[in-house]
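Participant: Once you've had a glance at the structure underneath, I'll fire off some questions.
In full-length UniProt numbering, the protein residues as written are 1 to 308.
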């Protein structure tokens, strides 16, 4: 929520100075801010002096070889980003032209999310909007949300049960868990029962942002625990660990669409694990950004074509 005192501070300053202040707070470096804005370094230094005078605060203070934002500057950063985003949405053309657009979008997602979304999204962008680049980052759920809140991330894909009020989201699909086992490690009927599940060793994917806490909570609900023999921070090698072993991998079912059915078997968990929503999240101030809304539609289209 915008603090009206901060908004009143910002309304006293002309728009060009606000743009420079935003760049300075982001870069915390006069020369880099000047390069980002295509201005001279003296012009940005002069603007910083004017901002300090108008706001009655140093805003950026030297520390070592760089600059550090003051407490007042940090308080202004969020309402300033809101104000500039609102102006940008007012001035931006109503129509977004993908074929001629030049822009970089910063997306946050787990390894799992990247495997689901990126191949199809990359093809769509190369065909329809070759001037749009993607910068992908990986963080915890909390880290992704913080990135969207601060403006460092344009769009986050993941499992977000409790989004802050400033964020908006759209569901991509409802997901459930499944178990991956070696085909020869189960009885002839191919059923994985609870005693077998609890007795066997497990592979745990501790991918940031992927939603693995749900499995442990579901086991706690039935007063059981499992033995984790191998824990991994990434998805790609996990299915290969199952083949030829007694290990069990319990993961989101969408990640098991392309496993080798000759050697591996996908079976339901022998206890209830609640399903969950996989969503796209962005800041509400970006609602009027036609380019971002177009990108969201492309992600939705990728999944629709994938048959999820």
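Note that the Cβ used here is the ideal one computed from N, Cα and C, for glycine as well.
Since residue 17 contacts residue 51 with CB under 8 Å, what's their CB separation in whole angstroms?
Facilitator: Right, the Cβ-Cβ distance comes to about 6 Å (below 8 Å), so this counts as a contact.
Participant: Identify whether residue 188 lies in helix, strand or coil by the three-state DSSP scheme.
Facilitator: Correct three-state label for residue 188: coil.
Participant: Looking only at its own chain, which residues have a Cβ that is under 8 Å from the Cβ of residue 199, when we skip the five neighbours before and after it?
Facilitator: Same-chain partners within the cutoff: there are none.
Participant: Quick check on DSSP: helix, strand or coil for residue 231?
Facilitator: Three-state result, residue 231: strand.
Participant: By Cβ distance, which residues of its chain are closer than 7 Å to residue 104, with the 5 residues on each side in sequence left out?
Facilitator: Cβ within range, chain order: 133, 135.
Participant: In or out: residue 228 buried (at least 16 other Cβ within 10 Å) or exposed?
Facilitator: With fewer than 16 other Cβ atoms within 10 Å, it is exposed.
Participant: Taking all protein chains shown into account, decide if residue 260 is buried (16 or more other Cβ within 10 angstroms of its Cβ) or exposed.
Facilitator: Counting Cβ neighbours within 10 Å, residue 260 comes out exposed, since fewer than 16 surround it.
Participant: Name the two residues that bound the continuous beta strand (DSSP E) containing residue 169.
Facilitator: Its beta strand (DSSP E) spans residues 167-175.
Participant: Of the residues 284, 204, 286, 263, which one's Cα is nearest the Cα of residue 252?
Facilitator: Considering only alpha carbons, the answer is 204.
Participant: Between residue 30 and residue 171, is the Cβ-Cβ spacing less than 7 Å?
Facilitator: No. Outside cutoff.
Participant: Assuming residue 180 contacts residue 67 under a Cβ cut-off of 8 Å, what Cβ separation, rounded to an integer in Å, is found between them?
Facilitator: Going by Cβ atoms, the distance from residue 180 to residue 67 rounds to 51 Å, so no, they are not a contact pair.
Participant: Distance, Cα to Cα, residue 183 vs residue 289?
Facilitator: About 49 Å.
Participant: With DSSP run on the structure shown, which of helix, strand or coil describes residue 138?
Facilitator: In this structure, residue 138 counts as coil in the three-state DSSP scheme.
Participant: Given this structure, state the Cα-to-Cα distance separating residue 211 from residue 185, to the nearest angstrom.
Facilitator: Note on residue 211: pLDDT 46, under 50, position unreliable in the model; no value is reported.
Participant: Can you tell which of 194, 112, 151 has the C-alpha that lies nearest to the C-alpha of residue 157?
Facilitator: Out of 194, 112, 151, 112 has the C-alpha closest to the C-alpha of residue 157.
Participant: Which runs of the alpha helix (DSSP H) fall wholly inside the region 221-284 and span at least 4 residues, in chain order?
Facilitator: If we require 4 residues or more, the alpha helix (DSSP H) runs fully inside the region 221-284 come out as 238-242.
Participant: Is the beta carbon of residue 160 less than 7 Å from the beta carbon of residue 291?
Facilitator: No, the pair does not count as a contact, with Cβ atoms beyond the cut-off.
Participant: Could you check whether the region 229-236 touches the region 142-151, counting it as contact only if at least three pairs of C-beta atoms, one from each stretch, sit closer than 8 Å?
Facilitator: These segments do not touch.
Participant: Let me know if residue 56 comes out buried or exposed under the rule of 16 or more other beta-carbons within 10 Å of its beta-carbon.
Facilitator: Exposed.
Participant: Could you round the C-beta distance between residue 148 and residue 282 to whole angstroms and report it? I think they count as a contact, below 8 Å.
Facilitator: Between residue 282 and residue 148 the Cβ distance is about 6 Å, and since that is below 8 Å, they are a contact.
Participant: Is it right to say residue 154 is buried, meaning 16 or more other beta carbons lie within 10 angstroms of its own, or is it exposed?
Facilitator: When all chains shown are included, residue 154 counts as buried.
Participant: Tell me which residues share the same chain as residue 296 and place their Cβ nearer than 8 Å to its Cβ, disregarding the 5 neighbours each side in the sequence.
Facilitator: So the qualifying residues of the chain are 155, 170, 280, 282.
Participant: Quick one: grab the DSSP three-state call for residue 316.
Facilitator: In the structure as shown, the chain begins at 1 and stops at 308. Residue 316 is therefore absent and cannot be evaluated.
Participant: Taking C-beta to C-beta, are residue 70 and residue 59 nearer than 7 Å?
Facilitator: Yes.
Participant: Whose C-alpha, out of 120, 255, 294, 273, is nearest the C-alpha of residue 110?
Facilitator: Nearest C-alpha to residue 110: 255.
Participant: Between 166, 239, 221, 116, which has its C-alpha nearest residue 301's C-alpha?
Facilitator: Of the listed residues, the one whose Cα sits closest to residue 301 is 116.
Participant: If we require 4 or more residues per run, which alpha helix (DSSP H) segments fall completely within the region 73-157?
Facilitator: Listed in chain order, the complete alpha helix (DSSP H) runs (minimum 4 residues) inside the region 73-157 are 111-128, 141-150.
Participant: Is DSSP giving residue 28 helix, strand or coil here?
Facilitator: If DSSP states are grouped into helix, strand and coil, residue 28 belongs with coil.
Participant: For the beta strand (DSSP E) holding residue 159, just list the boundary residues, first then last.
Facilitator: Segment: none, residue 159 is in no beta strand (DSSP E) and carries neither H nor E.
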